[in-house]
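Here our numbering is used: the first residue of the sequence shown is 1, the next is one more, and so on. Structure first, commentary second.
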Amino acid sequence: MNEQCIQVKNLTKSFSGRKVIHDLSFEVNKGEVFALLGHNGAGKSTTIDLILGLKSPDEGNATILGMNAAKHRKKVFEKVGVQLQHTEYQNLMTVEEACMEYASLYEKPSDYKALLHSFGLSDLKKSYINKLSGGEKQKLSVVLALIGNPEIVFLDELTTGLDVAARREVWRTLKHLKEKGLTIFLTTHYMEEAQALCDRVCLIKSGEKVIEGTIAEIVKASGKTNLEEAYLYFMGEENLL
Numbered sequence: 001m002n003e004q005c006i007q008v009k010n011l012t013k014s015f016s017g018r019k020v021i022h023d024l025s026f027e028v029n030k031g032e033v034f035a036l037l038g039h040n041g042a043g044k045s046t047t048i049d050l051i052l053g054l055k056s057p058d059e060g061n062a063t064i065l066g067m068n069a070a071k072h073r074k075k076v077f078e079k080v081g082v083q084l085q086h087t088e089y090q091n092l093m094t095v096e097e098a099c100m101e102y103a104s105l106y107e108k109p110s111d112y113k114a115l116l117h118s119f120g121l122s123d124l125k126k127s128y129i130n131k132l133s134g135g136e137k138q139k140l141s142v143v144l145a146l147i148g149n150p151e152i153v154f155l156d157e158l159t160t161g162l163d164v165a166a167r168r169e170v171w172r173t174l175k176h177l178k179e180k181g182l183t184i185f186l187t188t189h190y191m192e193e194a195q196a197l198c199d200r201v202c203l204i205k206s207g208e209k210v211i212e213g214t215i216a217e218i219v220k221a222s223g224k225t226n227l228e229e230a231y232l233y234f235m236g237e238e239n240l241l
């Protein structure tokens, strides 16, 4: 039986009277790559915020390694790495300084120099972060999420802004980390990315779960030939095929 490390049960969240997440439930197993897929505004980032205890649900609950993140913040964040879509850095901080600062927060941090090398950022370690391109900042945010040597990492739109070669470079690194036992929870707009990386995915539309399962299960249930076609089918957008 698979060991679950993230459990989401009946989460509901509204903002200004608009229901953003509605009765959402799913589980993530230890050591797997799991993706939440949906359009902009579907509730993906809000779901991550609720799981991490950064926002409070109106109903339902979520646990990470059996703990409520809002109640056990220190314990949870010793075991969890997070890369969010919009991360702010001090203007006059170099890449290396940011890595050293993050590493100082953990008892047994990963080797940040090895991580920078893995993500093709070694030559930029003396560069100021505000001088990096959008793609370089995105890769740095993933490096910083991994510095704490986490058991689970949350990656929100991790390859947005990266070109095809850089995206595939990140995929290779994440696959290697998965082989070492890292659990990866990600959101993405790229169906090719989900198909390349994920063991299971959950499709959501307007904050509600549409379907959850392995790539093969979802493609089979749709009667289509790949995840992108299945995604359009379940989102009611077959006319775009």
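C-beta atoms are modelled at their ideal positions from N, C-alpha and C, and glycine is treated no differently.
For residue 81, the enclosing beta strand (DSSP E) covers residues 80–83. Nearest Cα to residue 182 within the set 13, 33 and 141: 33.
Classified as buried, residue 187 has 16 or more neighbouring CB atoms from the shown chains inside 10 Å of its CB. In this structure, DSSP gives residue 220 a helical state, which the three-state scheme calls helix. Excluding the 5 residues flanking it on each side, residue 38 has same chain C-beta neighbours closer than 7 angstroms at 44, 203, 204 and 205, in chain order. Within the stretch 148–180, the alpha helix (DSSP H) runs of at least 4 residues that lie entirely inside it are, in chain order, 164–179. Rounded to whole angstroms, the separation of the alpha carbons of residue 167 and residue 65 is 29 angstroms. DSSP places residue 228 in the helix class (H, G or I) of the three-state scheme. Non-local beta-carbon contacts of residue 228 in its own chain, meaning distances under 7 angstroms to residues more than five positions away in sequence, involve 191 in chain order. Below 8 angstroms, too few C-beta pairs join the stretch 117–126 and the stretch 151–161 to call them touching: fewer than three. With a contact defined as Cβ atoms closer than 8 angstroms, residue 62 and residue 8 qualify at about 5 angstroms. In this structure, the straight-line span from the alpha carbon of residue 233 to that of residue 216 is close to 15 angstroms.
Note on geometry: alpha-carbon atoms of residue 175 and residue 189 lie some 19 angstroms from one another.
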